[in-house]
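A.B. asks: Before I ask anything, let me first share the structure, which is written out below as structure tokens.
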Amino acid sequence: MIGAGLAAENFIFALAGAKSGRHSVIQLADDVFYPACSLRSTAVVAARGVSLGHSELGDTLFQGYQRFQKHVLEDNPQGVFVGEQWSGVSRKIPEFKKRYPQNLTQNEIPSLGIELATELCLSSEPCYIIDPALYLGWLKDQSVSLPIERYKDIVINIQRENELWVATSLSGKIFKAENLFLGLGSYQRFWKEFLPVVSKPVHGSYLVYENISWGVKSFSLTLNGHNLIYRSYSNELVIGSTSEEGGHFMASESELREIDQDLRTMLVNKSWPSFEKAKILTGIREKGKGRRPYLESKDRFVAVGGLYKNGFSLALYLAEIARAHLKED
Ligand SMILES: Cc1cc2nc3c(=O)[nH]c(=O)nc-3n(C[C@H](O)[C@H](O)[C@H](O)COP(=O)(O)OP(=O)(O)OC[C@H]3O[C@@H](n4cnc5c(N)ncnc54)[C@H](O)[C@@H]3O)c2cc1C
């Protein structure tokens, strides 16, 4: 198993919860050399008006959302907090109304005590606001039923030898296993010999303001495409995020400034510290063809990727499908 982001940790969670089969797992990942997108994410899960029967991607997103909802209800994972998602627009209103048939046009969000500078067409729905580190930590804790060895190491070579997968690490260790799972996120593109799928890295940056006390309710606003997330559990305000093709970690500060300023203008009765006080975080998403996630499997090898902007809702849904591809004997 290579990777320690959402794809890999949900796969281990799915293995640990499987009624049949006993797997012992060796996991390799290095968050310093290959920073996990899962820990650099605004991390909200909401249905966002998606319903079944319109497109293949829409159906997958819908099923992923439903699976995540069930996961929250049944497993009560740490680091997942229920909140309100409000989406609103001042342009492309017919498209918005089609996506969100239940909408209203007003210049306030009374349940959150927010006043807006102008009227917007708005719609609300429940959402999950996630603390990525806490949630990933919880997933790891659930694997206690499996024999598992975790190594912080960089994999530099993988090959098939005598019916086994053999991985060599930068520290010179050699690991052998019957099955290979890859959950490498945007770094999957460096392993084209295993993965003929086409995917692109898309980097995204966001701002985090600390010590914000806006009450006990966590919420997420998506107003004219800009996101503002209030995490009441950690008193943080998250603003962003940018989205630009490329696999580097340099944030577009000017774009972040613009988003931040637009939101300051829109929310007339809320204020937050100056831009300079914010931390800037960047993650690299993996965008598959047509934004679709992929699952590749053959020869006791499974890879899950292309989670793009929906890793939190898609990872468990895909992990359970991937688990079914693993041969047991
Ligand atoms: C700004 C931003 C906002 C986002 N907002 C949301 C959101 O609101 N909701 C949502 O659902 N999703 C969101 N996402 C997307 C989500 O974070 C990703 O889809 C998800 O984290 C991808 O998980 P992953 O496991 O595929 O990849 P990653 O988390 O990147 O994990 C890859 C793993 O592979 C390891 N690795 C790679 N190569 C090697 C190697 N050679 N040797 C050892 N280890 C290796 C890395 O160390 C890492 O552990 C957002 C992303 C960004 C950047």
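Each residue of the sequence shown is one higher than the last, beginning at 118 in our numbering. Where is the CB? At the ideal position from N, CA and C, for every residue including glycine.
Can you tell me the Cβ-Cβ gap for leucine 256 and asparagine 127, rounded? I've got them flagged as a contact below 8 Å.
C.D. replies: 7 Å between Cβ atoms; contact.
A.B. asks: Note down the Cα distance separating tyrosine 151 from lysine 269, rounded to an integer number of angstroms.
C.D. replies: Taking the straight line joining both Cα atoms gives about 11 Å.
A.B. asks: Would you check if there are 3 or more beta carbon pairs closer than 8 Å linking the region 169-182 to the region 345-362?
C.D. replies: No contact exists between the region 169-182 and the region 345-362.
A.B. asks: Give the DSSP-derived three-state secondary structure of proline 243 in the structure shown.
C.D. replies: Strand at proline 243.
A.B. asks: Let me check understanding here. Comparing Cα to Cα, which of Lys394, Gly289, Leu398 and Ser337 lies closest to histidine 365?
C.D. replies: When each option's Cα is compared against that of histidine 365, the closest is Leu398.
A.B. asks: Rounded to a whole number of angstroms, what is the C-alpha to C-alpha distance between isoleucine 129 and glycine 363?
C.D. replies: Computed Cα separation, rounded: 29 Å.
A.B. asks: Let me make sure I understand the geometry here. Which of Asp416, Cys238, Glu201 and Gly200 has the alpha-carbon closest to that of proline 218?
C.D. replies: For the residues Asp416, Cys238, Glu201 and Gly200, the minimum Cα distance to proline 218 belongs to Cys238.
A.B. asks: In the DSSP output, what is glycine 422 paired with across the bridge?
C.D. replies: Answer is Tyr411, bridged to glycine 422.
A.B. asks: Ligand 1 and aspartate 258: does any heavy atom of the ligand fall closer than 7 Å to the residue's C-beta?
C.D. replies: For ligand 1, not one heavy atom lies less than 7 Å from the Cβ of aspartate 258.
A.B. asks: In chain order, what residues of the same chain have a beta carbon less than 8 Å from the beta carbon of valine 385, not counting five sequence neighbours either side?
C.D. replies: If we look at valine 385 and ignore the five residues flanking it on each side, its Cβ neighbours are Glu232, Leu233 and Ala234.
A.B. asks: Give the straight-line distance between the Cα atoms of aspartate 446 and aspartate 192, rounded to the nearest whole angstrom.
C.D. replies: Because the pLDDT of aspartate 446 is 41, which lies under 50, any placement of that residue in the model is unreliable, and the number read from its coordinates should be weighed accordingly. Each residue's alpha carbon lies about 29 Å from the other.
A.B. asks: Roughly how far, in whole angstroms, is the beta-carbon of alanine 439 from the beta-carbon of leucine 412, given that I think they are within contact range, below 8 Å?
C.D. replies: Their Cβ separation, rounded to whole angstroms, is 6 Å, which keeps alanine 439 and leucine 412 in contact under 8 Å.
A.B. asks: For lysine 269, which residues does DSSP report across the bridge?
C.D. replies: Note: lysine 269 sits in a beta bridge opposite Ala146.
A.B. asks: Given a threshold of 16 other Cβ atoms within 10 Å of its Cβ, counted over all protein chains shown, does valine 261 qualify as buried or as exposed?
C.D. replies: Exposed, since its Cβ has fewer than 16 Cβ neighbours within 10 Å.
A.B. asks: On the three-state DSSP scale, how would you describe aspartate 446?
C.D. replies: Caution is warranted here: a pLDDT of 41 is assigned to aspartate 446, below 50, making its placement in the model unreliable, and no coordinate value can be reported.
A.B. asks: By Cβ distance below 6 Å, which residues in the same chain neighbour phenylalanine 511 in space, the five residues on each side in sequence not counted?
C.D. replies: The requested residue 511 is not part of the displayed model; the chain covers only 118 to 446.
A.B. asks: State the Cα-Cα distance for the pair glutamate 403 and glutamate 280, rounded to the nearest angstrom.
C.D. replies: When rounded, the distance between both Cα atoms is 30 Å.
A.B. asks: Short check: CB of glycine 166 to CB of arginine 216, under 8 Å?
C.D. replies: The answer is yes: Cβ separation under 8 Å.
A.B. asks: Less than 8 Å between the CB atoms is what I'm expecting for serine 240 and asparagine 220, so what's the real figure, rounded?
C.D. replies: Correct: roughly 4 Å between the Cβ atoms.
A.B. asks: The beta strand (DSSP E) that contains tyrosine 344, what's its start and end?
C.D. replies: The residue asked about is misnamed: residue 344 is asparagine in this sequence, not tyrosine. Looking at the DSSP string, the run of the beta strand (DSSP E) that includes asparagine 344 is 343-348.
A.B. asks: Of all the alpha helix (DSSP H) runs that stay within the bounds of the region 123-200, which reach a length of 4 or more residues?
C.D. replies: Within the region 123-200, the complete alpha helix (DSSP H) runs of at least 4 residues are 123-134 and 173-192.
A.B. asks: Where does the unbroken beta strand (DSSP E) through threonine 382 begin, and where does it stop?
C.D. replies: Counting along the chain, threonine 382 falls outside any beta strand (DSSP E), though it belongs to the alpha helix (DSSP H) covering 370-383.
A.B. asks: Cα separation between serine 303 and arginine 417?
C.D. replies: So the alpha carbons of these two residues sit roughly 22 Å apart.
A.B. asks: Going by DSSP in three states, glutamine 259 sits in which element: helix, strand or coil?
C.D. replies: Three-state result, glutamine 259: helix.
A.B. asks: Does the distance from the C-beta atom of glutamate 327 to that of glutamate 353 stay below 8 Å?
C.D. replies: The answer is yes: Cβ separation under 8 Å.
A.B. asks: Buried or exposed for alanine 250, please, with buried defined as at least 16 other CB atoms from any protein chain shown within 10 angstroms of its CB.
C.D. replies: Exposed, since its Cβ has fewer than 16 Cβ neighbours within 10 Å.
A.B. asks: Given a cut-off of 8 Å, decide if alanine 131 and alanine 436 are closer than it, judged by their beta-carbon atoms.
C.D. replies: Taking 8 Å as the Cβ cut-off, alanine 436 and alanine 131 qualify as a contacting pair.
A.B. asks: Take glutamate 372 and list the residues in its own chain whose beta-carbon comes closer than 6 Å to its own, dropping the five residues that flank it on each side.
C.D. replies: Result list for glutamate 372: Thr359, in chain order.
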